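Chemist:
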Amino acid sequence: RFVDIAIRTIKENKEIKGELMKCGYSLAMEGVKLSNPTWDTIASAVSMGTGERIELDRRNHG
6 RFVDIAIRTI KENKEIKGEL MKCGYSLAME GVKLSNPTWD TIASAVSMGT GERIELDRRN
66 HG
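Be aware that the sequence shown starts at 6, since it is given in my numbering, and climbs by one per residue.
1) Rank Glu20, Ala33 and Leu25 by C-alpha distance to the C-alpha of Ala11 and give the top, closest one.
2) Pick helix, strand or coil for Leu61, following the three-state DSSP scheme.
3) To which residues of the same chain is Arg64 closer than 7 Å at the C-beta, ignoring the five residues directly before and after it?
4) Mapping DSSP to helix, strand and coil, what is Leu54?
5) Determine the DSSP secondary structure at Ser40, reduced to helix, strand or coil.
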């Protein structure tokens, strides 16, 4: 079974926080925490974390 990205989100002090539980693109990114994660910020984090070897489609192209 393969997992590309698994993220756990929680609400803390009226803010959404996310943690990458699994990241098949870069195992070193597992455990990375993001504030107010959106798909675009997750995709950007994966791009930066892989030295721009992986580019995921973004939802906001503007």
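Ideal Cβ positions, reconstructed from N, Cα and C, are used throughout, including at glycine. Keep in mind it's a predicted model, so treat the numbers as computed, not measured.
Modeler: Well, looking at it:
1) Along the sequence shown, one-based indexing puts residue 11 at 6. Cα-wise, what sits closest to Ala11 is Leu25.
2) Sequence index remark: in the sequence shown, residue 61 carries index 56 (1-based). Looking at Leu61 - three-state DSSP - the assignment turns out to be coil, as it is neither helix nor strand.
3) For the purposes of this step, residue 64 is taken as the residue at position 59 of the sequence shown. Correct list, in chain order: Trp44 and Asp45.
4) As a position in the sequence shown, residue 54 is number 49, starting the count at 1. The residue you asked about is not Leu; residue 54 is Gly in the sequence shown. Looking at Gly54 - three-state DSSP - the assignment turns out to be helix.
5) Position 35 of the sequence shown, counting from 1, holds the residue named residue 40. Note: Ser40 maps to strand in three-state DSSP.
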